[in-house]
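Asks: In the working numbering, the protein residues as written are 5 to 147. Even for Gly, the Cβ is constructed at its ideal location relative to N, Cα and C. As the structure is a computational prediction, the values presented were derived from the model and not from experiment. For reference, the structure I am asking about is given below.
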């Protein structure tokens with residue numbers, strides 16, 4: 005069984021048994037907090053426990069490296085919505101040691117994309133359109 009099918013099967017039982025009831029809350033974060041964190045799988049349970057957060061306490065935005073890379077990107081849009089529509093008054097950015105984004109190599113990422121079926125012409129087209137893929141894929145130097 006695929007991971008997706010296993011999740012869907014679990015979700016059917018979760019909904020049928022009304023297990024979601026214990027997690028009900030409204031859309032406003034109870035601590036008026038927004039956390040921008042890395043999407044690292046090691047942080048799924050660790051981050052809320054390390055910060056003393058429970059369901060409903062905070063808005064959580066996760067991406068590779070906990071980075072805000074563009075003033076008009078989706079991360080900033082989410083932060084703005086949090087502040088002006090969801091009562092966020094504090095923002096916490098959480099990075100961590102041994103983050104993959106601190107050592108990411110744009111050339112290796114693009115080579116992997118080509119190996120997995122992205123035509124090299126697509127990458128050339130993006131570069132010709134003025135998209136700096138190396139800068140876009142660059143991580144950071146320190147936490």
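#1: Given a cut-off of 8 Å, decide if residue 24 and residue 18 are closer than it, judged by their beta-carbon atoms.
#2: Can you have a look at residue 12 and say buried or exposed, based on whether 16 or more other CB atoms are within 10 angstroms of its CB?
#3: Quick one: residues in its chain with C-beta nearer than 6 Å to the C-beta of residue 124, no 5 flanking neighbours on either side, listed in chain order?
#4: Residues in its own chain within less than 6 Å of residue 60 by CB, not counting five upstream and five downstream?
#5: Can you tell me whether residue 50 is buried or exposed, with buried defined as 16 or more other CB within 10 angstroms of its CB?
#6: With DSSP collapsed to three states, give me the class of residue 84.
#7: Taking only runs that begin and end inside the segment 43-96, name each unbroken beta strand (DSSP E) of 3 or more residues, in chain order.
#8: Tell me which residue opens and which closes the alpha helix (DSSP H) that residue 125 is part of.
#9: Report the residue from 89, 99, 77 whose alpha carbon sits nearest the alpha carbon of residue 36.
#10: In this structure, how does DSSP classify residue 41 when only helix, strand and coil are distinguished?
#11: What does the Cβ neighbour count give for residue 121, buried or exposed, with the cut at 16 atoms within 10 Å?
#12: With 16 as the cutoff for other CB atoms within 10 Å, does residue 150 come out buried or exposed?
Replies: Concretely, from the data shown:
#1: For the purposes of this step, residue 18 is identified with residue 14 of the chain shown, where counting begins at 1. For the purposes of this step, residue 24 is identified with residue 20 of the chain shown, where counting begins at 1. Contact flag set, yes.
#2: Locating residue 12 in the chain shown gives position 8, where the first residue counts as 1. With a 10 Å radius around the Cβ and a threshold of 16 neighbouring Cβ atoms, residue 12 comes out exposed.
#3: In the chain shown, residue 124 corresponds to position 120, counting from 1. Here the set comprises 118.
#4: Taking the chain shown and counting its residues from 1, one reaches residue 60 at position 56. Excluding positions up to five away in sequence, the list reads 29, 34.
#5: Within the chain shown, the letter at position 46 stands for residue 50. Residue 50 sits exposed, since fewer than 16 C-beta atoms from the chains shown fall within 10 Å of its C-beta.
#6: Residue 84 sits at position 80 when you count from the first residue of the chain shown. DSSP places residue 84 in the helix class (H, G or I) of the three-state scheme.
#7: Annotation: the segment 43-96 contains the following complete segments of the beta strand (DSSP E) (minimum length 3 residues), in chain order: 62-67.
#8: Numbered from 1 along the chain shown, position 121 holds the residue referred to as residue 125. 124-132 is the extent of the alpha helix (DSSP H) around residue 125.
#9: Looking up residue 36 in the chain shown gives position 32. Residue 89 is the option with its Cα nearest to residue 36.
#10: Along the chain shown, read from residue 1 onward, the residue named residue 41 stands at position 37. The three-state reading of DSSP puts residue 41 in strand, counting E and B together.
#11: Residue mapping note: residue 121 aligns to position 117 of the chain shown, counting from 1. Exposed, by the Cβ-count rule.
#12: There is simply no residue 150 to check, as the chain begins at 5 and stops at 147 in what is shown.
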